[in-house]
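Engineer: Below is the structure I would like to discuss, written out as structure tokens.
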Amino acid sequence: MASFASASIILLIPLLLQFPYGESEIQNNYYSESCPKAEEIIKEQVTALYHKHGNTAISWIRNLFHDCVVKSCDASLLLESANGVESEKATSRSFGMRNFKYIQTIKHALEKECPSTVSCADIVALSARDGAVMLGGPYIEMKTGRKDSKVSYAAQVESSIPNHNDTVSAVLSTFQAIGIDTQGTVALLGAHSVGRVHCINLVQRLYPTVDPTLDPDYAEYLKKRCPSPNPDPKAVLYSRNDRETPMVLDNMYYNNIIKHKGLLVVDQQLVSDPNTYPFVQKMAADNGYFHDQFAKALLILSENNPVSGDEGEIRKDCRFVNTN
């Protein structure tokens, strides 16, 4: 048996040497030698953009979700429709997303420092991390080294990204498929403590009759924000997710849904579902606990099936695959 084991090890050594450590997987401080200032530059750009356009920080968190939950954390979300590529951004699930042009601002700063070195996928991940901090959320130590996808997955968006009217069980299944448990899913939905919801996504709870699970006084407020059952999708008609701390990533979201002041169907179902309600209560009572669970879940999300090696590339322009 000993000689067989020794022979097996000897046979394995040449195979292992074909796969150098660190080249095919994301890791901490991936750019420490190739672009030492990469993370610092991203943080500087995210901070500057936040002070000019506060809502960019919210966009970065949403970008991470929309990119990583569809196939991989690979910046496929950022691709424009061109040369036969159908953009994920153009699908209905991406309705209301914005600030993509500022990803280019971050990319330009990195290209100036280290040409063709930092991936757009890592920009998506690290801008979400730094954006969360700007919104008063937790700091998350993220690995880097993702490559950019050479293709778009627009055809998979509809089935991959939960709809705002999906059941809690459907949303839980989506996140469980990428390793995020019930507690983590409840925490990630806490991102609804910032940003806004377009009227087109909430009027079904107001018209023709008010959803009985919605606080009546809050429903009257929402009707003022959304006075028509058929809002113009191109108009700026929306309600803030959280009226009290709309630009702070905090546990106010959970306190609101306990009071039946959630905007979306899935928000309110977190309270009515016995699997999720205990976590809602814990997060409503303890902002630190919410931040801890949010950080853990966002980290798992950011590491979903990253592209590496020759499967991907470092795009020169985040909007288009490289031409050579």
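Throughout the sequence shown, residue numbering follows mature numbering (1 follows the signal peptide of the UniProt record, and there is no 0), covering -24 to -1, 1 to 300 in sequence. Positions of the beta carbon are idealized from the N, C-alpha and C atoms, including for glycine. Since the structure is predicted, the reported quantities are computational estimates derived from the model, not experimental observations.
(1) Considering only their Cβ atoms, is the gap separating L111 from M223 smaller than 8 Å?
(2) What number of angstroms, rounded off, separates the C-alpha of T93 from the C-alpha of S63?
(3) Within this structure, are the beta carbons of F67 and A130 separated by less than 8 Å?
(4) So the candidates are N298, N280 and E279; which of them puts its Cα closest to the Cα of G288?
(5) By how many angstroms is the C-alpha of K199 removed from the C-alpha of V45?
(6) Return the chain-ordered list of same chain residues with a C-beta closer than 7 Å to the C-beta of I37, the five sequence neighbours on each side being excluded.
(7) Check whether the segment 42 to 62 touches the segment 116 to 136, taking contact to mean three or more Cβ pairs, one atom from each stretch, closer than 8 Å.
(8) Which residues bound the beta strand (DSSP E) around H174?
(9) Beta-carbon separation of D208 and S169 under 8 Å?
(10) Could you compute how far the alpha carbon of A271 sits from the alpha carbon of V162?
(11) Can you tell me whether P254 is buried or exposed, with buried defined as 16 or more other CB within 10 angstroms of its CB?
(12) Helix, strand or coil for S128 per DSSP?
(13) Might you give, ordered along the chain, the residues of its own chain that have their beta carbon closer than 6 Å to the beta carbon of K119, omitting 5 neighbours on each side?
(14) By a C-beta neighbour count over all protein chains shown, 10 Å radius and 16 as the cutoff for buried, is residue 348 buried or exposed?
(15) Would you check if the segment 66 to 80 and the segment 25 to 41 touch, i.e. whether three or more CB-CB distances between them fall below 8 Å?
(16) Please report how far the alpha carbon of I290 lies from the alpha carbon of P12, in whole angstroms.
(17) So who's on the other strand from Q3, going by DSSP bridges?
(18) Helix, strand or coil: which one does DSSP assign to D191?
(19) Should the segment 235 to 245 be called in touch with the segment 132 to 149, which here means at least 3 C-beta pairs below 8 Å?
(20) In the DSSP output, what is F296 paired with across the bridge?
Structural biologist: This is what the structure gives:
(1) Taking the sequence shown and counting its residues from 1, one reaches residue 223 at position 247. Taking the sequence shown and counting its residues from 1, one reaches residue 111 at position 135. It is a contact, given that the beta carbons lie within the stated cut-off.
(2) Taking the first residue of the sequence shown as 1, we reach residue 93 at position 117. Taking the first residue of the sequence shown as 1, we reach residue 63 at position 87. When rounded, the distance between both Cα atoms is 24 Å.
(3) As a working mapping, residue 67 is identified with position 91 in the sequence shown. As a working mapping, residue 130 is identified with position 154 in the sequence shown. Reading off the sequence, residue 67 comes out as Thr, not Phe. Their beta carbons are under 8 Å apart, which means T67 touches A130 by this criterion.
(4) Here residue 288 refers to the residue found at position 312 when the sequence shown is read from its first residue. Residue N298 is the option with its Cα nearest to G288.
(5) Here residue 45 is taken as the residue at index 69 of the sequence shown, counted from 1. Here residue 199 is taken as the residue at index 223 of the sequence shown, counted from 1. Approximately 32 Å between the Cα atoms of the pair.
(6) Taking the sequence shown and counting its residues from 1, the one referred to as residue 37 is at position 61. These residues qualify, in order along the chain: A104, G107, A108 and A167.
(7) yes
(8) Locating residue 174 in the sequence shown gives position 198, where the first residue counts as 1. It spans R172 to H174 - the beta strand (DSSP E) in which H174 sits, taken as one unbroken run.
(9) Residue 208 sits at position 232 when you count from the first residue of the sequence shown. Residue 169 sits at position 193 when you count from the first residue of the sequence shown. Contact: no.
(10) Here residue 271 corresponds to residue number 295 of the sequence shown, with the count starting at 1. Here residue 162 corresponds to residue number 186 of the sequence shown, with the count starting at 1. Each residue's Cα considered, the two are about 12 Å apart.
(11) In the sequence shown, the residue the question calls residue 254 occupies position 278. Flag for P254 reads exposed.
(12) Here the question's residue 128 lines up with position 152 in the sequence shown. Looking at S128 - three-state DSSP - the assignment turns out to be coil, as it is neither helix nor strand.
(13) Here the question's residue 119 lines up with position 143 in the sequence shown. If we look at K119 and ignore the five residues flanking it on each side, its Cβ neighbours are I2, Q3 and N4.
(14) The structure shown does not extend to residue 348, since the chain is modelled only from -24 through 300, so no value can be given for it.
(15) yes
(16) Taking the first residue of the sequence shown as 1, we reach residue 290 at position 314. Taking the first residue of the sequence shown as 1, we reach residue 12 at position 36. Roughly 17 Å separates the two Cα atoms.
(17) For the purposes of this step, residue 3 is taken as the residue at position 27 of the sequence shown. Paired residues: T120.
(18) The residue given as residue 191 occupies position 215 in the sequence shown. The answer is coil: DSSP assigns D191 none of H, G, I, E or B.
(19) yes
(20) Taking the first residue of the sequence shown as 1, we reach residue 296 at position 320. Paired residue(s): D293.
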